[in-house]
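So the sequence shown is numbered by the working numbering: it starts at -9 and just counts up by one.
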Amino acid sequence: MNRTTVVGVIGAGRIGRVHGNNLLRMPSVRLKAVTDPYVDFASWPPAPVATAKEPETILEDQEIEAVLICSPTPTHADLTERAARAGKHVFCEKPIDLDPERIRRTLAVVADSGVKLQVGFNRRFDPTFARVRRAVTEGEVGEIHLVKITSRDPEAPPVAYVKTSGGIFLDMTIHDFDMVRFLTGSEVEEVYARGAVLIDPAIGEAGDVDTAVTTLKMANGAIAVIENSRQAVYGYDQRVEVFGAAGSAEAANETPNRVTVSTGAGVRSDKPLYFFLERYQASFVAELEAFFASIRDDLQPPVGGADGLMSVLIGLAASRSMAENRPVRVETP
């Protein structure tokens, strides 16, 4: 029988609620406490769980073995270090920080503490994308030539969020940078990015773009293209394709059902699932299962701190490329 891992969640916003509710349904895991200085816990979580304003409730609890950090990005590195020094395994939502040097210092603390660290790049655990990865590793597509990722949100975020997000490449495209590395098994050497403000002028006034295309040169010789939009009126558009010498593997959008209606007026199907909470629900569960398996079986987490650092380095190179209108090599980790 698997032993029970006692867990605390720091941050009870949108993603903290998703993880918290998933933890309550997971066997061999006991969610003991949730902390957040800004949340009214009157109606959440839906189970007898301790709640508090300050993270010390979790960090100083000797029974809690693992911590999920779901608080705002500027707090991630500090809380990761504090949890690691307290001897607790850490699952940290992306990014660890927006400054590579700060991330490196945090990773050094984690290494010195001897705890596990997993970064929340959940899309690696999506069953559809995982199948595309298997098509690569099992040689079904042959040597990779091209990778194309389409990632379009259903609506633009509030401008207040944009101002603190780090920009589209470090907030939105960062998932796609990680997906390129995951699908190809190769590192990004060079980036060329272009962006525009085509949806909301206020996003441009905040110093960001809402539409972008990024071309990436991979170490294995392949070329990847990522296209992003902050607003697709038909729903959450999430597609990937890997094309190689022996064939291709393509993941289409997920819809509420697989029905296609054909009539004299045309052929139609339902729109894609609305947003990431609906589209990636299974992956949120699977990434936590992998995290707890790494603790129980003393394995390396499948998405470690180095992966978190690498995606930030790619994002910074993309931001610089767009600003300077030229290809930029990615800094070595």
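Glycine is no exception: its CB is placed at the ideal position from the N, C-alpha and C atoms.
Coil, strand or helix - residue i by DSSP
i	result
I59	strand
Y151	helix
S219	strand
R319	strand
E71	helix
A241	strand
S259	strand
T(-6)	coil
S273	helix
S252	strand
F233	strand
R123	helix
A280	helix
I158	helix
I164	helix
A313	helix
I0	strand
Y185	Here residue 185 turns out to be Gly, not Tyr, going by the sequence shown. Residue state, collapsed to three classes: strand.
A76	coil
Test item: CB-CB of residue i and residue j under 8 Å
i	j	result
T205	V215	yes
A196	F159	no
G77	S103	yes
T96	A73	no
R303	E321	Per the sequence presented here, residue 303 reads as Leu, with Arg not at that position. Result yes, Cβ atoms of L303 and E321 sit closer than 8 Å.
V181	S311	yes
V(-1)	H9	yes
P144	F233	no
M208	S252	no
L173	V122	yes
A42	H79	no
I213	L136	yes
L278	L13	yes
D190	A146	yes
S301	P291	no
Presumed contact (8 Å Cβ cut-off) between residue i and residue j, rounded CB distance
i	j	result
L299	R94	7 Å
D30	G6	13 Å between Cβ atoms; not a contact.
I86	G295	7 Å
L69	P38	Incorrect: roughly 25 Å between the Cβ atoms, too far for contact.
V293	V109	5 Å
Residues bridged to residue i (per DSSP)
i	result
Q228	S141
Q52	Beta-bridge pairing links Q52 to no other residue.
T96	Bridge partners of T96: none, in fact.
F81	L58, Q108
K207	E180, I213
I134	G234
T41	V24
Are at least three pairs of beta-carbons, each pair with one atom in the segment 142 to 158 and one in the segment 238 to 251, less than 8 Å apart? no
Whether or not the segment 110 to 124 and the segment 161 to 170 are in contact is what I'm after, with contact meaning three or more pairs of Cβ atoms, one per stretch, closer than 8 Å; do they touch? yes
Could you tell me whether the segment 217 to 234 touches the segment 242 to 251, where touching means 3 or more Cβ pairs closer than 8 Å? yes
The segment 121 to 131 contacting the segment 264 to 276, beta-carbon criterion three pairs below 8 Å: no
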